[in-house]
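Residue numbers (full-length UniProt numbering), protein chains in the order written: chain W, 1 to 219; chain D, 1 to 219.
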């Protein structure tokens, strides 16, 4: 199909398609003339994946390129899943929380909380994981907030997170190692988060409304 | 305390403190001289909350102002919780997914999926909720991705999201209607999401590693 048809099929403007080509996110079409290229279904699927990662997944163009490169180099599904997981942006980083704001006591206390949690959950994760660092930063800031913060509460959240990850991986487990199925893994890993957040917000709304109904005297 | 001490206590630069003052996020200190103001513990707590919302919560200054205004106008905890929930940025919006990309069939199918899910969960949420719109957009894009997408799977995620929201609200339920405790509610609602995402990623890492260990022949 021509680029105009590719644009119509995917809802991605022609200019954006050309941009993704230049940035190396989208493979070239088959040249049919000096200025014409023929695109196929693989381009439609890849464009939809790029769109999902950059919009729903909230990935930058650079992060999207990293994730797609990982997908295209897929050796086996497990390695691909870990590589994708590490390529996705981490919601909390030390930088995002402000490195200027150092507090050795809170930092080490938070690091201990994270290690205790990982031990309690018997999670096999390296201390170098960006998610370990992110969680440590988040707990450090919560400690500094004097929030009603109790490390033991984390276990309840961690157990639910574990169940959610099991759902995610059940979907990924069916995948063989073809790039097409690695793409499905990207969708699962990158888009489960935003979807889960929306579901959690809806459930919060429901429970707040029910609380209001339970004791209208609260009005 | 002087502004320099306030900065030291919170790790927020003096220039940022003055900026938050100008933007109306932080109340004025008690003037002790033409150019001097005395700040108290309430300023320390408010600055830490602003920092948590803007860094860990990923809120813009405008969104932070909205949330803090909601906190300060707290009538009762339930109303405050809903107002805060609506003031927080929605992870997926129609705009973020590109309004140019219209697909009436996918749109209505997604809307039906969301309504079915809400009915299945017996969630009391208005169709006007930004989270209903966000979820509809997310499902529309997933449908268009030809992802291995099955609406019935959503129920399993929704049930876990429901349990997580219960944990969130259990923490909020203890709060009375004082602004200080409304602040705790903000922390719960705004920061549970990023924390949960990190826990989910850690659990995914653990399960991927165990899968690899289960069948090393996959190497």
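By construction, the Cβ of each residue, glycine as well, lies at the ideal position given by its N, Cα and C atoms.
Contact test: residue i Cβ vs the ligand GDP heavy atom, cutoff 8 Å
i, result
"residue 111 of chain D", "The ligand GDP is absent from the structure shown, which contains no ligand whatsoever."
Residue i vs residue j beta-carbon contact at 9 Å
i, j, result
"residue 200 of chain D", "residue 119 of chain W", "no"
"residue 53 of chain D", "residue 63 of chain D", "yes"
"residue 196 of chain W", "residue 155 of chain W", "no"
"residue 124 of chain W", "residue 166 of chain D", "no"
"residue 51 of chain W", "residue 92 of chain W", "no"
"residue 68 of chain W", "residue 43 of chain W", "no"
"residue 110 of chain D", "residue 139 of chain D", "yes"
"residue 130 of chain W", "residue 71 of chain W", "no"
"residue 187 of chain W", "residue 142 of chain D", "yes"
"residue 58 of chain W", "residue 151 of chain W", "no"
Chain A contact residues for residue i, given Cβ-Cβ distances below 8 Å
i, result
"residue 131 of chain D", "Checking the listed chains, one finds no chain A in this structure; the protein chains it contains are W and D."
Residue i classed as buried or exposed, judged by whether at least 16 other C-beta atoms fall within 10 angstroms
i, result
"residue 60 of chain D", "exposed"
"residue 112 of chain W", "exposed"
"residue 257 of chain D", "Here chain D has residues from 1 to 219 only, and residue 257 of chain D is not among them."
"residue 127 of chain D", "exposed"
"residue 190 of chain D", "buried"
"residue 217 of chain W", "Its pLDDT being 49, under 50, residue 217 of chain W is placed unreliably by the model, and the measurement read from it follows with that caveat. Flag for residue 217 of chain W reads exposed."
"residue 121 of chain D", "buried"
"residue 205 of chain W", "buried"
"residue 153 of chain W", "exposed"
"residue 210 of chain W", "exposed"
"residue 100 of chain W", "Note that residue 100 of chain W scores 47 on pLDDT, short of 50, meaning its location in the model is unreliable; the coordinates nonetheless yield the value given after this. The residue is exposed, with fewer than 16 neighbouring Cβ atoms inside 10 Å."
"residue 35 of chain W", "exposed"
Three-way DSSP call (helix, strand, coil) for residue i in this model
i, result
"residue 35 of chain D", "coil"
"residue 30 of chain D", "strand"
"residue 100 of chain D", "The predicted position of residue 100 of chain D is uncertain, since its pLDDT is 47 and thus under 50; no value can be drawn from it."
"residue 126 of chain W", "coil"
"residue 90 of chain W", "coil"
"residue 10 of chain D", "helix"
"residue 150 of chain W", "coil"
"residue 117 of chain W", "helix"
"residue 55 of chain D", "coil"
"residue 193 of chain W", "helix"
"residue 145 of chain W", "coil"
"residue 203 of chain W", "helix"
"residue 134 of chain W", "helix"
Distance between beta carbons of residue j and residue i, contact taken as under 8 Å
i, j, result
"residue 88 of chain D", "residue 135 of chain W", "No, residue 88 of chain D and residue 135 of chain W are not in contact; Cβ-Cβ is about 20 Å, not under 8 Å."
"residue 32 of chain D", "residue 185 of chain D", "About 33 Å; that fails the 8 Å criterion."
"residue 183 of chain D", "residue 49 of chain D", "5 Å"
"residue 29 of chain W", "residue 38 of chain W", "5 Å"
"residue 47 of chain W", "residue 17 of chain W", "7 Å"
Residues within the region 36–55 of chain D neighbouring chain W, beta-carbon criterion of under 8 Å: 45, 48, 49, 51, 52, 55
Can you pull out the residues from the region 144–163 of chain W whose beta carbon lies closer than 8 Å to at least one beta carbon of chain D? 144, 145, 146, 147, 148, 153, 154, 156, 157, 158, 160, 161, 162, 163
Give, in chain order, every residue of the region 105–119 of chain W whose Cβ lies closer than 8 Å to some Cβ of chain D. 118
Please list, in chain order, the residues of the region 71–91 of chain W that have any C-beta partner in chain D closer than 7 Å. 76, 78, 81, 82, 85, 91
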